[in-house]
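> Dropping a structure here in structure tokens format, bear with me for questions.
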Amino acid sequence: MNESNQSQIQSTPGPRRALVTGASTGIGEATVRLLRSHGWETVATARRVERLEALAAETGCTWVAADLQSPGEVDALAARVLEDGPVDAVVNNAGGALGADPVADGDPEEWLTMYERNVLAALRVTRAFLPLMRERGGDVVFLTSTAAHGTYPGGAGYVAAKHGERIIANTLRVELVGEPVRVIEIAPGMVATSEFSLNRFHGDRSRADAVYAGVEGPLSAQDIAECITWALERPAHVNIDSMIVRPRAQASNTVVARG
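Taking this note's numbering, the leading residue of the sequence shown gets 31, the next gets one more, and so forth.
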């Protein structure tokens, strides 16, 4: 399909429609809120029904509860969402880290869970919505991490998972070249959200707070939602292949200024 046809497909009249995974908290929730404020029809998905209900009441989004680690629930999610029409964008935000052990002490079960949540969930959701996107156009966003671009001590399990997710994006972009689908990676650095580090350290508040201790101006979920929304709202011929976003205080995964 040539560029002019792609532009025509992705600029059809009426509001665009997006699915956002991991929408019950953090970056996913912020993305739903921002897309709604920009006039997007937005479907939020996550496991926690009460969070989705509250988000829908506040923003006017629709929602479908699903566990993306279950292939059957992903299939049911896609069927339910597509009943109401096609989506123009899929934001693969669901994921997360577990533990910060060195490789020598790594927990294989935690590594497996991270792979399921970050890699296979994104793969399943993308596969479910991709066929219609290849026909009519659309965007697939992968919310990875700076961990997808470099490692750090204690991060190997999460780093491996995020590298896997990034490679899905990189490979898919090559495989779909010439088709009306944009593949976008957004890779945040230190983002201070209410649950990411707390989940990583299994509810240990002191360890979670220590991640951001002394860091002036860590990123917020809103910062990343703005990056996602900006990338999705570029003209159809513009593809933001990969955007690495860090707070000014973070130069790399291992070099951080702390006051």
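Even glycine gets a Cβ: it sits at the ideal position worked out from N, Cα and C.
Values in this document were obtained by computation on a predicted structure and should not be read as measured data.
With a cut-off of 8 Å, do at least 3 Cβ pairs link the region 222 to 232 to the region 114 to 129?
With a cut-off of 8 Å, the region 114 to 129 and the region 222 to 232 count as touching, because enough Cβ pairs lie within range.
> According to DSSP, is Ile197 part of a helix, a strand, or is it coil?
For the purposes of this step, residue 197 is identified with residue 167 of the sequence shown, where counting begins at 1. Note: Ile197 maps to helix in three-state DSSP.
> Note down, in chain order, each residue of its chain lying with its Cβ closer than 7 Å to the Cβ of Leu64, except the 5 sequence neighbours on either side.
Indexing the sequence shown from 1 puts residue 64 at position 34. Cβ within range, chain order: Ala255, Glu256 and Thr259.
> If you drop the 5 nearest sequence neighbours on each side, which residues of the same chain put their C-beta closer than 7 Å to that of Asp137?
Position 107 of the sequence shown, counted from the first residue, corresponds to residue 137. Excluding sequence neighbours, Asp137 sits near Gly129 and Asp131.
> Could you have a look at Val286 and say whether DSSP puts it in helix, strand or coil?
Translated into the one-based positions of the sequence shown, residue 286 becomes position 256. In the structure shown, Val286 sits in a strand (DSSP, three-state: E or B).
> In chain order, what residues of the same chain lie with their CB nearer than 8 Å to the CB of Pro183, ignoring the 5 residues before and after it?
Residue 183 sits at position 153 when you count from the first residue of the sequence shown. Around Pro183: Pro132 and Thr284.
> Who are Phe172's beta bridge partners in DSSP?
Taking the sequence shown and counting its residues from 1, one reaches residue 172 at position 142. Asn122 and Glu215.
> State the CB to CB distance for the pair Thr174 and Glu215, rounded to an integer number of angstroms; the pair is presumed to be in contact (CB under 8 Å).
Here residue 174 refers to the residue found at position 144 when the sequence shown is read from its first residue. Here residue 215 refers to the residue found at position 185 when the sequence shown is read from its first residue. Yes, Thr174 and Glu215 are in contact; Cβ-Cβ is about 6 Å, under 8 Å.
> Nearest-angstrom Cα distance between Arg154 and Glu246?
Translated into positions along the sequence shown, residue 154 becomes position 124. Translated into positions along the sequence shown, residue 246 becomes position 216. So the alpha carbons of these two residues sit roughly 37 Å apart.
> Hey, Leu49 and Val117: beta-carbon distance below 8 Å or not?
Along the sequence shown, one-based indexing puts residue 49 at 19. Along the sequence shown, one-based indexing puts residue 117 at 87. Cβ atoms of Leu49 and Val117: closer than 8 Å.
> Take every Cβ of the region 65 to 75, pair it with every Cβ of the region 87 to 107, and state whether three or more of those distances are shorter than 8 Å.
Because the criterion of three Cβ pairs below 8 Å is met, the region 65 to 75 and the region 87 to 107 touch.
> Cutting at 8 Å between CB atoms, please list the residues of its own chain near Arg47, excluding the five before and the five after it.
By 1-based counting over the sequence shown, the position of residue 47 is 17. Taken in chain order, the residues that qualify are Trp70, Glu71, Thr72, Val73, Gly115, Pro116, Val117, Asp118 and Ala119.
> When DSSP builds the beta bridges, which residues end up paired with Leu249?
Indexing the sequence shown from 1 puts residue 249 at position 219. According to DSSP, which records beta bridges pairwise, Leu249 is partnered with Val221.
> Report the option in Thr201, Thr181 and Ser272 whose CA atom is closest to the CA atom of Thr156.
Residue numbering aside, residue 156 sits at position 126 when the sequence shown is read from its first letter. It is Thr201.
> Check Trp296 in the structure and name its three-state DSSP category.
Past the edges of the chain, shown from 31 to 289, lies residue 296, and the structure says nothing about it.
> Take Ala191 and list the residues in its own chain whose beta-carbon comes closer than 6 Å to its own, dropping the five residues that flank it on each side.
Numbered from its first residue, the sequence shown carries residue 191 at position 161. Closer than 6 Å at the Cβ level, and outside the excluded window around Ala191, lie Met144, Tyr145, Asn148 and Val149.
> Could you check where the alpha helix (DSSP H) with Thr143 kicks off and where it finishes?
For the purposes of this step, residue 143 is taken as residue 113 along the sequence shown, with counting starting at 1. Per DSSP, Thr143 belongs to the alpha helix (DSSP H) from Pro138 to Tyr145.
> With C-beta atoms as the reference, is Arg212 less than 8 Å away from Asn122?
For the purposes of this step, residue 212 is identified with residue 182 of the sequence shown, where counting begins at 1. For the purposes of this step, residue 122 is identified with residue 92 of the sequence shown, where counting begins at 1. Taking 8 Å as the Cβ cut-off, Arg212 and Asn122 do not qualify as a contacting pair.
> Could you name the residues of the same chain whose beta carbon sits closer than 7 Å to that of Glu140, not counting the 5 residues immediately before and after it, in chain order?
Taking the first residue of the sequence shown as 1, we reach residue 140 at position 110. Only Leu128, Gly129 and Gly187 meet the Cβ criterion.
> Starting from Val241, follow the beta strand (DSSP E) in both directions and report where the run begins and ends.
Counting from one through the sequence shown, the residue named residue 241 turns up at place 211. That residue, Val241, is in no beta strand (DSSP E); its alpha helix (DSSP H) goes Arg235 to Tyr242.
> Could you spell out where the beta strand (DSSP E) holding Ile274 opens and where it closes?
Position 244 of the sequence shown, counted from the start, is the residue given in the question as residue 274. From DSSP, the beta strand (DSSP E) with Ile274 extends over Ser272 to Val275.
> So, under 8 Å CB-CB, Ala217 and His193 are touching, yes? Tell me the CB distance rounded to an integer number of Å.
Translated into positions along the sequence shown, residue 217 becomes position 187. Translated into positions along the sequence shown, residue 193 becomes position 163. About 11 Å separates the two Cβ atoms, so there is no contact after all.
> So, using beta-carbon positions, are Ala151 and Gln99 closer together than 8 Å?
By 1-based counting over the sequence shown, the position of residue 151 is 121. By 1-based counting over the sequence shown, the position of residue 99 is 69. Yes, the Cβ-Cβ distance between Ala151 and Gln99 is below 8 Å.
> Alpha carbon to alpha carbon, how far is Asp239 from Arg276?
Looking up residue 239 in the sequence shown gives position 209. Looking up residue 276 in the sequence shown gives position 246. Straight-line Cα distance between these residues: approximately 18 Å.
> What residues match up with Val50 in a beta bridge as DSSP calls it?
Within the sequence shown, the letter at position 20 stands for residue 50. Per DSSP, Ala74 and Val121.
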